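**Q** Got a structure for you, written out below as C-alpha cells; questions coming shortly.
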Amino acid sequence: MLDPNLIREKPEFVKEGIKNKGSDPNLVDKFLEIDKKRRELIKEIDNLRHTRKELSESIGKKLKQGENVDDIRAEVRKLGDKIDQIEKELEGVEKTYKDILLSIPNLPHPSVPVGKDETENLVLRKEGRIREFSFTPKPHWEIAEELGLIDFKRAVKISGSRFYVLTGLGAKLERALISFMIDYHVEHHGYKEVFPPFLINRDSMIGTGQLPKFAEDMYKIEGEELYLDPTAEVPVTNLHRDEILNEEDLPIKYVAYTACFRKEAGAAGKDTRGIIRVHQFNKVEMVRFTKPEDSYKNLYELLDNAEDILRALELPYQIKMMCTGDLGFTAAMKFDPEVYMGAQEKYVEISSVSNFEDFQARRANIRYKTKDGDLKFVHTLNGSGLAVGRTMAAILENYQNEDGSITIPKVLQKYMGIDKITRK
RNA sequence: GGAGAGAUGGCCGAGUAGGCUGAAGGCACUCGCCUGCUAAGCGAGUGAGGGGCCUAAAACCCCUCCGCGGGUUCGAAUCCCGCUCUCUCCGCCA
1 MLDPNLIREK
11 PEFVKEGIKN
21 KGSDPNLVDK
31 FLEIDKKRRE
41 LIKEIDNLRH
51 TRKELSESIG
61 KKLKQGENVD
71 DIRAEVRKLG
81 DKIDQIEKEL
91 EGVEKTYKDI
101 LLSIPNLPHP
111 SVPVGKDETE
121 NLVLRKEGRI
131 REFSFTPKPH
141 WEIAEELGLI
151 DFKRAVKISG
161 SRFYVLTGLG
171 AKLERALISF
181 MIDYHVEHHG
191 YKEVFPPFLI
201 NRDSMIGTGQ
211 LPKFAEDMYK
221 IEGEELYLDP
231 TAEVPVTNLH
241 RDEILNEEDL
251 PIKYVAYTAC
261 FRKEAGAAGK
271 DTRGIIRVHQ
281 FNKVEMVRFT
291 KPEDSYKNLY
301 ELLDNAEDIL
311 RALELPYQIK
321 MMCTGDLGFT
331 AAMKFDPEVY
341 MGAQEKYVEI
351 SSVSNFEDFQ
361 ARRANIRYKT
371 KDGDLKFVHT
381 LNGSGLAVGR
391 TMAAILENYQ
401 NEDGSITIPK
411 VLQKYMGIDK
421 ITRK
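Numbering (UniProt numbering), first residue to last: 1 to 424.
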C-alpha cells in the first residue's frame, strides 16, 4: 500500500512509477476522485455527529431539571436518520477507496532500470566456475531416477502432475539441504530460526500483498478462510502484523523453512520435466524488518547471505537485477540469483531477494517507535536462501560423474554422512 | 466435539439500575527535583486512527476507537443478538 498522502501530493510521480511497472496509471485518478468524495463525506458526518452529541447531552441535563425534552428528542432522532444515511454512503466509498489503494503496486526505486518485462532484466555478474564435462551430462530428472532419488510416476498416482516423491538418499539430501541452509544463516548471519504454520488466514495474505490481487495463484482450504502457504515470506512477515517494534531491536532477522504451495496457473507447458516448476516445494527464507534508512544496506546483506549458500555449495550462478516491469506487485527493488544447471546449460532462478520498503508494512501495519517517540512504518525485506528443490537439481546436474554417481558437496557431507551417491 | 469463564490503553487492572470515562488505580517509560553512588522519594508528562485548519510542521478544533459485527436508545465500555479468539474442565487424538 502506498502512502495516500504521496498519491495526493505527487500524482504524476506516482503515475510514472506505476506505468513503469506495467500497471494502469489511471488508478491514480480513480483514487484521487474517490479520495475527495471520501473526505467530503467524513467532514459532513463529523459535523452532524458533533451536533447530535451536544443535543444529546443537553437532553440529559434537561431531564435532570425535569424539563420537557420531546421536541429535542424528535429533532435528534431526525439527525440520527440523516447520519445513518450518509454513513451508508460512506461505507461504499470506503470500500472502493480501500480496494483501489490495495490494488496499486509498489513504486520502483528510482535506480531500478526501466524495462517492460523479464527480457530487459540486467545480468549484473556471473560467479563461480562452470564445469567442463568430459562426457555428456544428464539432466537432473534422469540422474535422479537412475539413482532412485526421485519417483515421478508414483507422485502422479498419489497427487498429480507437477508433484514428485523423494525417496531414499534423495529424501535425505533434501533434509540435509534444509538443515544446512538454516544452520548456516543462524550461525554465520545472525538470523533467528522460525517454524511457522503452513495454513494462513486472509488478513496475513493481504498484509504481504498476495491478496486480493493474486488469489488464483494460491490453494485455498475449502469452506475456510485459510490458504496454503505460498512462501515463508507470508507467515514470517506477518509475525509482527499490527505490532509496534522497538527501534533498538531493528533490524530483526528471521530464517524459516516452509513447504511452499503454488498453483502455477498460466505456466502450462513450462518446465514440465524435473523438479523445477512444481506445486509443492521446500524453501528456506530469510526475512528482515529494518529502519527505513537502513533498508538498502540490508538488501545487499540479504543478497550476500543468499550468495553465501551458493558459494558454500560451490555452485556457479549469476545475479540478475530485475527491471521495473519484472519487479512484481510488491517490490521496490529485486535481485534474482540464478544457479547454473550443468546439463541443461542454462541459468535457473534459485532465489529472489527483495526490498518492499514500507509497502507491506503499511498493509500489515508494522511500525516501530523511534527514540523521539514517533511511530514510523518499518521496511520489510526478504530473500530465499535458497529454494531447496532447485538446489538439489543443480547439485545433481553439476556434481554428476561419468559413472552415474553424484559427489556430495563438501559442506553437505557431514549432514549426509557420505561423500558420494552411487548406483546400487 | 461438549460444558463453563473471559476479552478494557505498552502491561496489570477498576468501571454495568446507559449520560463530560479515552476511560480510576498500579506498573513501565520520559523530563525535572532530591540524594556520596545505587535504591527509595517528590513533581510533571505519556494511546491510536481519521478529518479540518495550514505553503508545511507544531499548536489548535472536531469525529471515531473499551475483541469484531449488528440491534435497542435522544445517548452504549455499560442493555440485547450473532461471530471470533483466549482460558478451565470433559471427550478424542499425532
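All residues carry an ideal CB built from backbone N, CA and C; glycine is no exception. Since the model is a prediction, treat every value here as computed from it, not as a measurement.
1) I'd like to check one pair, leucine 41 with leucine 79: are the Cβ atoms closer than 9 Å?
2) Along the chain, which unbroken stretches of the alpha helix (DSSP H) at least 4 residues long are found entirely within the segment 198 to 273?
3) For the structure I just gave you, are there three or more beta carbon pairs, one from the segment 326 to 334 and one from the segment 368 to 376, closer than 8 Å?
4) Below 8 Å on the Cβ atoms is my guess for glutamate 233 versus glutamate 285; work out the distance and round it to an integer in Å.
5) Measure the CB-CB distance between glycine 385 and methionine 181 and report whether it falls below 9 Å.
6) Please classify asparagine 68: is it buried, with 16 or more other beta-carbons within 10 angstroms of its beta-carbon, or exposed?
7) In its own chain, which residues sit with a C-beta less than 8 Å from the C-beta of threonine 167, not counting the 5 before and 5 after it?
8) Can you look up methionine 392 in the DSSP assignment and give me helix, strand or coil?
9) If we call anything under 9 Å between Cβ atoms a contact, is arginine 175 one with valine 165?
10) Helix, strand or coil for glycine 404? Go by DSSP, reduced to three states.
11) Which residue comes first and which comes last in the alpha helix (DSSP H) that contains threonine 370?
12) What is the rounded straight-line gap between the Cα of lysine 263 and the Cα of tyrosine 415?
13) Can you tell me whether glutamine 400 is buried or exposed? The criterion is at least 16 other CB atoms within 10 Å of its CB, across all chains shown.
14) For glutamine 360, count neighbouring Cβ atoms within 10 angstroms of its own Cβ and tell me buried if that reaches 16, exposed if not.
15) Go through its chain and collect everything with a Cβ distance to isoleucine 158's Cβ below 7 Å, but skip five positions before and after it.
16) Can you name, in chain order, every residue of its own chain whose Cβ lies under 7 Å from the Cβ of proline 251, other than the five neighbours on each side?
17) What's the C-alpha gap between aspartate 84 and tyrosine 97?
18) Taking the CB atoms as reference points, tell me whether glycine 389 and valine 236 lie closer together than 9 Å.
19) Give every residue of the same chain whose Cβ lies closer than 8 Å to the Cβ of tyrosine 317, excluding the five residues on either side of it in the sequence, and list them in chain order.
20) In chain order, what residues of the same chain have a beta carbon less than 7 Å from the beta carbon of alanine 312, not counting five sequence neighbours either side?
21) Can you find the residues in the same chain that come closer than 6 Å, C-beta to C-beta, to serine 23, ignoring five residues on each side of it along the sequence?
22) Within the same chain, show all residues whose beta-carbon is closer than 8 Å to that of cysteine 260, passing over the 5 residues directly before and after it, in chain order.
23) In this structure, how does DSSP classify methionine 1 when only helix, strand and coil are distinguished?
24) For proline 409, count neighbouring Cβ atoms within 10 angstroms of its own Cβ and tell me buried if that reaches 16, exposed if not.
25) Let me check one thing: in DSSP terms, what residues is alanine 387 bridge-paired to?
26) Go ahead and label serine 354 buried or exposed: buried means 16 or more other beta carbons lie within 10 angstroms of its beta carbon, across all protein chains shown.
27) Output the residue ranges of the beta strand (DSSP E) runs that lie fully inside the segment 112 to 198 and measure 3 residues or longer, sorted by chain position.
28) Cα-Cα, which of Leu327, Asn238, Leu169, Glu243 is closest to methionine 392?
29) On a Cα-Cα basis, can you pick out the residue from Leu302, Ala256, Leu102 that is closest to glutamine 210?
30) Provide the residue span of the beta strand (DSSP E) that contains isoleucine 319, from first to last.
31) Note down the Cα distance separating threonine 136 from alanine 268, rounded to an integer number of angstroms.
32) For a minimum of 4 consecutive residues, which ranges assigned as the alpha helix (DSSP H) are wholly contained in the segment 323 to 364?
33) Please return the same chain residues whose Cβ sits closer than 8 Å to the Cβ of leucine 90, not counting the five positions on each side in sequence.
34) Considering only C-alpha positions, which residue in the set Asn246, Val14, Lys220, Lys138 is nearest to leucine 107?
35) Decide if arginine 367 is buried, meaning its Cβ has at least 16 other Cβ atoms within 10 Å, or exposed.
36) Does DSSP classify isoleucine 421 as helix, strand or coil?
**A** Let's see:
1) no
2) You should have 202 to 208, 233 to 237.
3) no
4) 6 Å
5) One thing to note: glycine 385 has its Cβ within 9 Å of the Cβ of methionine 181.
6) It counts as exposed.
7) Gly148, Leu149, Ile150, Asp151
8) helix
9) no
10) coil
11) For threonine 370, no alpha helix (DSSP H) encloses it, and the DSSP letter there is neither H nor E.
12) 32 Å
13) buried
14) buried
15) By the criterion of a C-beta distance shorter than 7 Å, isoleucine 158 is surrounded by no residue of its chain, once the five residues flanking it on both sides are discounted.
16) Arg288, Phe289, Thr290, Asp294, Asn298
17) For aspartate 84 and tyrosine 97, the distance between alpha carbons rounds to 20 Å.
18) no
19) Lys126, Glu127, Gly128, Glu307, Leu310, Pro337, Glu338, Val339, Tyr340, Tyr347, Ile350
20) Excluding residues within five positions, the ones whose Cβ falls inside 7 Å are Tyr184, Val411.
21) Pro105
22) Asp229, Pro230, Thr231, Ala232, Gln280, Phe281, Asn282, Lys283
23) Coil at methionine 1, not helix or strand.
24) It is buried - the Cβ of proline 409 has at least 16 other Cβ atoms within 10 Å.
25) Lys283
26) buried
27) Taken in chain order, the complete beta strand (DSSP E) segments of 3 or more residues contained in the segment 112 to 198 are 122 to 127, 192 to 194.
28) Leu169
29) Leu102
30) 317 to 321
31) 29 Å
32) 359 to 364
33) Arg38, Leu41, Ile42, Ile45
34) Val14
35) buried
36) strand
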